[in-house]
Structures are given as C-alpha cells and as structure tokens.
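*Asks:* Residues 1 to 210, numbered by full-length UniProt numbering, are exactly what the sequence shown covers, in order.
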Amino acid sequence: MNVYPHLVACEHCDSVYQRCSLAAGEVARCSRCEAVLQRANPLDVDRWLALTITTAVVFLIANVCPVVRISLNGTRRDATLWEFAWALAQGSVAPLAIVAALVIILVPFAQICLLLWVLLHARVGRRAPSISRALRTLALLRPWSMVEVGILGILVAIIKLIGLVEVNLGAGVWATAALMVLLTVISHRDLSALWEQTEGVAALRTGSAA
C-alpha cells in the first residue's frame, strides 16, 4: 500500500490537497465542503513524549490501585478496573465486560505503547520502523478509546452500592479520571506531524545510504 504523507484527503468529500505547515492556532479547511483538514499541533515532540510517559504512569496507577473499597460487616474488599471487568464477565452481561475491557484498558494501553514507540524514535531524530502502520493503527483506535464511558459505569455501580454497603473511592478512580484527560490530550493530535518532523532525517539517511 502506497503512502503519500505530503498529501491530505478530505474525510467528507475526498478532495486531495498538498499538506502545509500551520502556525499555532491555524486550521486548514477543505475549499469544497469546509471540513477541517489539518489543525496546528501545539505540542512539540518533547512535550508530547513527556505527556505520553505521564499517561503511561497514570495508566499503571489506574490499573493497579483499587477503584473502590467496599466494606460490609467488618469485611473489606478492594476492586480494581480488572476486577470490575471480571465481575461483569461472570454475569449475563459478559459481552459488556469485553467491551468495557476493550475501551477502558486494552485500547488505551495500545495507544500509549504505539505513541511511545513513535515518539521515542522521533525524539532522537529517527523515523520509527513501520511508522505508517503505527499511525494508521492509532487513527483507527482513536474512536474506541472511551475511558469516560468506564468512569460513568463505575459511578453508576457506586451509586447502586451506596445503599447496600459502605463504599469509599480509591486512588484508581482518580487516576482513571486523570487518564481520561491525558489520553484526550495525547491522542487527539495531528498524527501526520510526527511523520513530517522525521521526514527530513529519513531523507538524509536514504541519501547517505545511496
């Protein structure tokens, strides 16, 4: 499959344009249908990488630390995100558990790993191997990253449990809320900027090899 990083196609009318560099705050729109083609990326590689590493740490906290602590008759039980998904899988809503694990745990994990792979190479002026496949995968994963849905489900479960047992929020729920914000910041960027920032270096390496 051929890749043309210097071109951008409108997602609505399929018009093709030459990709251009944008200043901070600028937006490129399709001249035919006015759809957004490009947005200026306010993050450079260093800041993007720092935020992605922070997101990885927060993701680890969200998955290791308990989301809630349930107390009943002197007995305490901590529940993590994984245990929430596992509890759902034991009932009649097993398909929901699969979706919950996908959008709350697996998709964010894949996004963080792929971004770290691409950004760490970009940080040292290299183009990551299979970068086009990585960027396409990131674009495909973006609509499936819905940590906010998981937070909503957790809050609904907590509200239902409040009248039955004593419920205390754990560090995991706050980490999950922070993860939602950080994932939005790092994943809703113009991914083509990563290609452009390493394009010159890749061209020089190709020329030297020739």
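Glycine is no exception: its CB is placed at the ideal position from the N, C-alpha and C atoms.
Given this structure, state the Cα-to-Cα distance separating residue 201 from residue 39, to the nearest angstrom.
*Replies:* Per-residue confidence for residue 201 stands at a pLDDT of 46, beneath the threshold of 50, marking its modelled position as unreliable; the derived number appears in the next sentence. Spanning the two alpha carbons is a distance of roughly 23 Å.
*Asks:* Ordered along the chain, which non-local residues of its own chain (more than five positions away) have a Cβ less than 6 Å from that of residue 116?
*Replies:* These residues qualify, in order along the chain: 52.
*Asks:* Let's test the definition: count the other Cβ atoms within 10 Å of the Cβ of residue 154 and tell me whether it reaches 16, buried, or not, exposed.
*Replies:* So residue 154 ends up on the buried side.
*Asks:* For residue 206, collect the residues of the same chain with a Cβ closer than 7 Å to its Cβ; drop the 5 residues on either side in sequence, then sort them by chain order.
*Replies:* With a pLDDT of 45 at residue 206, under the threshold of 50, the modelled position of that residue is not reliable, and the figure given next carries that caveat. There are no such residues.
*Asks:* Given this structure, state the Cα-to-Cα distance separating residue 31 from residue 140, to the nearest angstrom.
*Replies:* Taking the straight line from one Cα to the other gives about 26 Å.
*Asks:* Measure how close the beta-carbons of residue 71 and residue 166 come, nearest whole angstrom, since I'm counting them as under 8 Å.
*Replies:* That pair is a contact at about 4 Å.
*Asks:* Would you report the Cα separation of residue 54 and residue 9, rounded to the nearest angstrom?
*Replies:* Approximately 32 Å, taken between the alpha carbons.
*Asks:* Judging by CA-CA distance, which residue of 12, 148 and 111 is the nearest neighbour of residue 175?
*Replies:* Residue 148 is the option with its Cα nearest to residue 175.
*Asks:* Could you work out which residue in 45, 119, 48 and 104 is closest to residue 150 when comparing CA atoms only?
*Replies:* The shortest C-alpha separation from residue 150 is found at 104.
*Asks:* How many angstroms separate the CA atom of residue 7 from the CA atom of residue 188?
*Replies:* The alpha-carbon atoms of residue 7 and residue 188 are separated by roughly 20 Å.
*Asks:* Along the chain, where does the alpha helix (DSSP H) that runs through residue 148 open and close?
*Replies:* Its alpha helix (DSSP H) spans residues 147–162.
*Asks:* Can you give the Cα-Cα distance for residue 62 and residue 28, rounded to whole angstroms?
*Replies:* Computed Cα separation, rounded: 37 Å.
*Asks:* If residue 67 sits next to residue 79, beta carbons under 8 Å apart, how far is it from one beta carbon to the other, in whole angstroms?
*Replies:* Between residue 79 and residue 67 the Cβ distance is about 6 Å, and since that is below 8 Å, they are a contact.
*Asks:* Considering only DSSP beta bridges, list what residue 38 is partnered with.
*Replies:* Answer by DSSP bridge pairing, in chain order: 28.
*Asks:* Just curious, the alpha helix (DSSP H) that residue 64 is in, first and last residue?
*Replies:* Note, residue 64: alpha helix (DSSP H), 45–64.
*Asks:* For residue 107, which residues of its own chain have a beta-carbon under 7 Å away from its beta-carbon, when the five flanking residues on both sides are left out?
*Replies:* The answer, listed in chain order, is 141, 144 and 145.
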